[in-house]
Amino acid sequence: MSTLNIRLSLMMFLQFFIWGGWFVTLGTFLANNLSATGGQIGMAFSTQSWGAILAPFVIGLIADRYFNAERLLAILHLVGAVLLFQLYRASDFAAFYPFVLGYMIVYMPTLALVNAVAFRQMRDPAQEFSKIRVWGTVGWIIAGLVISFLFGWDSQQAIAAGALRNTFLMCAIASALLGLYSFSLPSTPPLARREQGGLREILGLDALRLLKDRSFAIFFVASVLICIPLAFYYQNANPFLAEIGVDNPTGKMTLGQISEVLFMLLLPLFIQRFGIKKTLLLGMFAWTLRYALFAYGNNGDLLFMLVVGIALHGICYDFFFVSGQIYTDAKAGETFKGSAQGLITLATYGVGMLIGFWVAGKVTDHFAAVPGHDWQSIWLFPAVFALGVFLAFLVAFREQRPASLSAAAKTA
481 MSTLNIRLSL MMFLQFFIWG GWFVTLGTFL ANNLSATGGQ IGMAFSTQSW GAILAPFVIG
541 LIADRYFNAE RLLAILHLVG AVLLFQLYRA SDFAAFYPFV LGYMIVYMPT LALVNAVAFR
601 QMRDPAQEFS KIRVWGTVGW IIAGLVISFL FGWDSQQAIA AGALRNTFLM CAIASALLGL
661 YSFSLPSTPP LARREQGGLR EILGLDALRL LKDRSFAIFF VASVLICIPL AFYYQNANPF
721 LAEIGVDNPT GKMTLGQISE VLFMLLLPLF IQRFGIKKTL LLGMFAWTLR YALFAYGNNG
781 DLLFMLVVGI ALHGICYDFF FVSGQIYTDA KAGETFKGSA QGLITLATYG VGMLIGFWVA
841 GKVTDHFAAV PGHDWQSIWL FPAVFALGVF LAFLVAFREQ RPASLSAAAK TA
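Counting in this note's numbering, the sequence shown runs from 481 upward without gaps.
So, in structure tokens, the structure goes:
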């Protein structure tokens, strides 16, 4: 690996170490230490969606036109460090929420910025990017292992003592380090301004014409709907494991990221052999299976069901969301590639998960018990919902394999 690729890999490692270092345990911290309700926890997680909705404005209207990507990346992470420190200091949810909203508005654009910095330095992105991006997943994994096995902040005793508050301090330090480090990254100036495009292209609205294609329209709606059960995992998995007494829950959840790396390698082969429809269906059904395992597993003799449910993350995420990006790229053709990806990201991580976090909060509050929660009922809701999306997609979607799909799968 070249020195440049090592520098870019370190950037990716810190980028996702920061996110994984506080986001996974957020629900557990809010419920146990700030006495937040399910609805309030849903509001906190929804800040990710608001950040995703606003990110295209930051990237398209500012970064792509006026500032070097690495300098804006540095500034945003330094501001983020201050906001994370304020989250560390917050004493109740009313004080916590404005800072987490501000932080996600600052953080979400950096996901595109690190990609921009990396891609602009590569001669062959198809061959080089995955080797650099995988260090982001490693960063997320290491963050979880540090929380569980190095510091033990997610043990039941530590949670009761408020130790999860330290995750925000840890990530504030990492964010400050990445902010300072970003100033040393290779210069990534704005691309030359295009005469055409504008706000419609930035938000992916030019790609709306793809919805005239029946198959793509069905895929688009399914993508939004499947984000509702997805939100349940992000919001409730860690609190669920902690509440039922699973040891080192955050560390165990890193199995999901490990499986994500493994199944990412299998994805191109699966698309080539079975086609995009079966791949997407497998990804959807994995959500149903995962939540059924969560509903009926326990911290005793059925602990293996919870572990398998966590490990299914690779299929859940890669086989639907990553293959969906490949499908979108192939359907869009050369004209609307950027716009189409912007549209699907806005619809899923923006609108879809915004709805999903709201629904997850309401369902969690509805099945709250004294003490704890009726977790079986909570998990059966997204299991049945995902099954409904799976069956509707099975019946309605007609695969029309785009000519470019094979090539896209090979370079995924």
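Even glycine gets a Cβ: it sits at the ideal position worked out from N, Cα and C.
message: My output table needs one value for residue 575: the three-state DSSP class, helix, strand or coil.
response: helix
- prompt: Looking at C-alpha atoms only, which residue of 755, 820, 831 is the closest neighbour of residue 691?
  reply: 820
task: Return the first residue and the last residue of the alpha helix (DSSP H) that residue 508 is part of.
output: 506-513
- prompt: Thinking just about the alpha-carbon of each residue, which of 854, 810, 761 is nearest to the one in residue 868?
  reply: 761
query: What's the C-alpha gap between residue 888 and residue 536?
result: At residue 888 the pLDDT is 48, less than 50, meaning the model places this residue with poor confidence; the figure from the coordinates comes in the next sentence. Approximately 24 angstroms between the Cα atoms of the pair.
field: Closest by C-alpha distance to residue 507, when choosing among 783, 713, 530
entry: 713
- prompt: Can you tell me where the alpha helix (DSSP H) with residue 855 in it begins and where it stops?
  reply: 855-876
query: How do the stretch 488-503 and the stretch 781-792 stand: do at least 3 beta-carbon pairs fall below 8 angstroms, yes or no?
result: no
- prompt: Using a Cβ-Cβ cut-off of 6 angstroms (strictly less than) and excluding sequence neighbours within five positions of residue 856, which residues of its own chain qualify?
  reply: 775
task: State the beta-bridge partners of residue 848 as determined by DSSP.
output: 853
Status (buried if at least 16 other CB within 10 Å, exposed otherwise) for residue 575: exposed
query: Does the distance from the C-beta atom of residue 629 to that of residue 728 stay below 8 angstroms?
result: yes
- request: Taking only the alpha-carbon atoms, compute the straight-line gap between residue 709 and residue 870 and give it to the nearest angstrom.
  value: 12 angstroms
task: Hey, could you find the ends of the alpha helix (DSSP H) residue 602 is sitting in?
output: No alpha helix (DSSP H) contains residue 602, which DSSP labels as neither H nor E.
Alpha carbon of residue 640 to alpha carbon of residue 778, nearest angstrom: 21 angstroms
task: Within the stretch 768-823, note down every full beta strand (DSSP E) run reaching 3 residues or more, in order along the chain.
output: none
field: Other residues of its chain near residue 863: CB distance less than 6 angstroms, five sequence neighbours each side excluded
entry: 768, 771, 772
task: Please report how far the alpha carbon of residue 493 lies from the alpha carbon of residue 665, in whole angstroms.
output: 14 angstroms
- request: Leaving out five residues on either side along the sequence, give the residues of the same chain with a beta carbon under 7 angstroms from the beta carbon of residue 553.
  value: 590, 593, 594, 597, 662
message: Short of 6 angstroms in beta carbon distance, which residues of its chain neighbour residue 724, apart from the five on each side in sequence? Order them along the chain.
response: 779
query: Hey, is the stretch 796-813 in contact with the stretch 693-710, meaning 3+ C-beta pairs nearer than 8 angstroms?
result: yes
query: Cα separation between residue 631 and residue 624?
result: 10 angstroms
- prompt: For the alpha helix (DSSP H) that contains residue 659, what are its first and last residues?
  reply: 646-662
- request: Could you tell me the boundaries of the alpha helix (DSSP H) in which residue 717 lies?
  value: 694-723
- request: For residue 621, collect the residues of the same chain with a Cβ closer than 6 angstroms to its Cβ; drop the 5 residues on either side in sequence, then sort them by chain order.
  value: 734, 737
task: Compare the beta carbon distance of residue 688 and residue 823 with 8 angstroms and say whether it is the shorter of the two.
output: yes
- request: For residue 792, collect the residues of the same chain with a Cβ closer than 6 angstroms to its Cβ; drop the 5 residues on either side in sequence, then sort them by chain order.
  value: 766, 770
- prompt: According to DSSP, is residue 486 helix, strand or coil?
  reply: helix
task: State the Cα-Cα distance for the pair residue 642 and residue 509, rounded to the nearest angstrom.
output: 8 angstroms
task: Please confirm whether residue 558 and residue 583 have their CB atoms less than 8 angstroms apart.
output: no
message: I need the boundaries of the alpha helix (DSSP H) containing residue 550, first residue and last residue.
response: 549-569
- request: Identify, in the order they occur along the chain, each residue of the same chain with its Cβ nearer than 7 angstroms to the Cβ of residue 795, setting aside the five sequence neighbours on each side.
  value: 743, 762, 763, 766
- request: Please state whether DSSP places residue 730 in a helix, a strand or coil.
  value: helix
message: Using CA atoms only, rank isn't needed, just tell me which of 874, 649, 603, 521 is closest to residue 845.
response: 521
field: Which of helix, strand or coil DSSP assigns to residue 527
entry: helix
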